[in-house]
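Here the structure comes first, spelled out in structure tokens, and everything after it is commentary.
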Amino acid sequence: MTIRRAVPDITTADPAVSSAFYQLLGFREEMNLGWVVNLVSPSNPTAQVILVTKDAAAPVNPDLSIEVEDVDAVYEAVRATDAEIVHPITDEEWGVRRFFVRDPDGKVVNVVGHR
């Protein structure tokens, strides 16, 4: 299984204010859907921060997003364990295929692949 990037997901009440703060640290907005903002380092595009108000398609906000090469293979590997699937594998309208799983400490991980 190949990991392409791992990104913290930060829940925020005001994505505009939070985005402005992280831009002061050198990030730039890569994507802004209103409820989710992806900020990227211009010099290292795998260094990212995701800001989330309320996930538009899932029951909870994730704590961490991990982009993988083959999301379906990871989903099947996770399903073969007793890990809790929080959000089933889904093709989202914004161009990703993803699922959420709860880690052993209760953190919600968004496992995602781009279509």
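If you're matching positions, the sequence shown starts at 1 in the UniProt record's numbering and goes up one per residue. The C-beta atom is built at its ideal place from N, Cα and C for all residues, glycine as well.
Short Cβ contact (7 Å threshold) for residue 109 with residue 103: Counted from its first residue, the sequence shown places residue 109 at position 109. Counted from its first residue, the sequence shown places residue 103 at position 103. Yes, they are a contact pair.
At least three beta-carbon pairs within less than 8 Å, the stretch 86–93 to the stretch 28–47: Output reads no: the stretch 28–47 does not touch the stretch 86–93.
Spatial distance of residue 30 from residue 41 (CA atoms): Within the sequence shown, numbered from 1, the residue matching residue 30 stands at position 30. Within the sequence shown, numbered from 1, the residue matching residue 41 stands at position 41. Across the structure, residue 30 and residue 41 are spaced so that their CA atoms are roughly 9 Å apart.
Bounding residues of the beta strand (DSSP E) (the contiguous stretch that carries residue 88): Locating residue 88 in the sequence shown gives position 88, where the first residue counts as 1. Per DSSP, residue 88 is one residue of the beta strand (DSSP E) stretching across 84–91.
Integer-rounded CB distance, given that residue 66 should sit under 8 Å from residue 111: Sequence index remark: in the sequence shown, residue 111 carries index 111 (1-based). Sequence index remark: in the sequence shown, residue 66 carries index 66 (1-based). Indeed, because the Cβ distance is near 5 Å, the residues count as touching under 8 Å.
Pair within 7 Å by beta-carbon distance, residue 60 and residue 68: Counting from one through the sequence shown, the residue named residue 60 turns up at place 60. Counting from one through the sequence shown, the residue named residue 68 turns up at place 68. No, Cβ-Cβ distance for residue 60 and residue 68 is not below 7 Å.
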